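In my numbering, the protein residues as written are 25 to 317. Idealized CB from N, CA, C, for every residue including glycine. Computed from a prediction, not measured in an experiment: that's the story for all the values here. Worksheet: the structure to be examined is printed underneath.
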């Protein structure tokens, strides 16, 4: 029997941190080529250390992107946007030059309104504006560590209730013919998701590193369990302003062929909408996670 040639990539990646808070650029890897187990573990380790990874100069069609994502876990459906034809796990995130609203504006964590939110997200740049369109990332681990012990202990007792109904209704209205519409704004509604109001801990223990992180998404939040929305709002607003201080954040400038891979279990993000009159075209997939604890 002839020996089979292993065509998977076995080289070591280069990891270059981009800020003192979080994020690293990864070089030395072609994501189109088959990725061996050792390389998967290197990338996973870099993700756990840096919380968000940035790749440049990649040429990924939706099939190739899905193959890369599947090496790190089960790919998820997204309940509010039609996926790309023939690629049910990859959704388009497109803002046309004439549109004024964008997808992903506001600090949030992907699919936190599900009982088992996303573990990670991969976002790939198909076309980018000549300027602007950056994405901000905030580190929930550093933000939690910066708090006093007494505040940490208090926050660790709180549970947050989530529901996406109000936000989804607003976004669907935008996506269905409004002048500020965006064809990647939610165009369908998964009733099961809309009717679900999961409760997650405000302070999440990362299942792989054991680190404690602030874990919430202000725009998807109803209230703290046992409190009213009005009672909850001041603390939620303060927590968002605390976690998104520049010292806990990094900013990624996209190029065509860039891909960001981030850990939703400890990272929030914000897509800037500062490129009016230009096209921004991305492909996104999410990787299934576990129940926050």
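Exercise for the section: To the nearest angstrom, report how far apart residue 167 and residue 69 are at their CA atoms. Expected result: 21 Å
Exercise for the section: Could you tell me the boundaries of the beta strand (DSSP E) in which residue 251 lies? Expected result: Neither: residue 251 is in no beta strand (DSSP E) and is coded neither H nor E.
Handout entry: Nearest-angstrom Cα separation, counted from residue 65 out to residue 29
Key = For residue 29, the predicted model reports a pLDDT of 36, less than 50, meaning its position is unreliable; a value from the coordinates is still stated below. Roughly 21 Å separates the two Cα atoms.
Handout entry: Limits of the alpha helix (DSSP H) - the one that residue 312 falls within
Key = Segment 304-312 is the beta strand (DSSP E) holding residue 312; no alpha helix (DSSP H) there.
Handout entry: Under the three-state DSSP convention, the category residue 81 falls into
Key = coil
Problem - Proximal residues to residue 114 (C-beta, below 8 Å), its chain only, five neighbours per side dropped - result: 86, 89, 90, 107, 108, 307, 308, 309
Practice task
Report buried or exposed for residue 142, applying the criterion of at least 16 other Cβ atoms within 10 angstroms of its Cβ.
Solution key: buried
Handout entry: Cβ shell of residue 41 (< 6 Å), same chain only, five flanking positions each side left out
Key = 48
Practice task
Can you have a look at residue 163 and say buried or exposed, based on whether 16 or more other CB atoms are within 10 angstroms of its CB?
Solution key: buried
Practice task
Grab me the residues of residue 43's own chain with a C-beta within less than 6 Å of its C-beta, minus the 5 sequence neighbours each way, in chain order.
Solution key: 274
Handout entry: Anticipated Cβ contact below 8 Å, residue 93 with residue 299, distance rounded
Key = No, residue 93 and residue 299 are not in contact; Cβ-Cβ is about 26 Å, not under 8 Å.
Handout entry: CB of residue 304 within 8 Å of CB of residue 80, strictly
Key = no
Practice task
Please report how far the alpha carbon of residue 172 lies from the alpha carbon of residue 123, in whole angstroms.
Solution key: 44 Å
Problem - Reference residue 243, options 131, 259, 146, 311, closest by Cα - result: 131
Practice task
Within the same chain, show all residues whose beta-carbon is closer than 8 Å to that of residue 74, passing over the 5 residues directly before and after it, in chain order.
Solution key: 39, 41, 46, 47, 48
Problem - 6 Å Cβ shell around residue 117 - same chain, five flanking residues per side excluded - result: 127, 208, 306, 308
Handout entry: Beta-carbon proximity list for residue 151, same chain, < 6 Å, skipping 5 on both sides
Key = 303, 305
Exercise for the section: Let me know if residue 110 comes out buried or exposed under the rule of 16 or more other beta-carbons within 10 Å of its beta-carbon. Expected result: exposed
Handout entry: Candidates 316, 248, 317, 98, of which the one nearest residue 185 by Cα
Key = 248
Practice task
May I have the straight-line CA-CA distance separating residue 254 from residue 119, to the nearest angstrom?
Solution key: 34 Å
Practice task
Could you tell me the distance, in whole angstroms, from the CA atom of residue 36 to the CA atom of residue 240?
Solution key: 35 Å
Exercise for the section: Determine, using beta-carbon pairs with one atom in the segment 93-102 and one in the segment 265-274, whether at least three such pairs fall under 8 Å. Expected result: no
Exercise for the section: Kindly indicate the opening and closing residues of the alpha helix (DSSP H) around residue 268. Expected result: Here residue 268 belongs to no alpha helix (DSSP H), and DSSP marks it neither H nor E.
Practice task
Closer than 7 Å by C-beta to residue 259: which residues in its own chain qualify, once you throw out the five before and the five after it? Chain order, please.
Solution key: none
Problem - Residue range of the unbroken beta strand (DSSP E) whose run includes residue 287 - result: 283-287
Practice task
Give the C-beta separation of residue 236 and residue 245 to the nearest angstrom, bearing in mind that I take them to be a contact with Cβ-Cβ under 8 Å.
Solution key: Their Cβ separation, rounded to whole angstroms, is 19 Å, which puts residue 236 and residue 245 out of contact at 8 Å.
Handout entry: Extent of the continuous beta strand (DSSP E) run through residue 160
Key = 159-163
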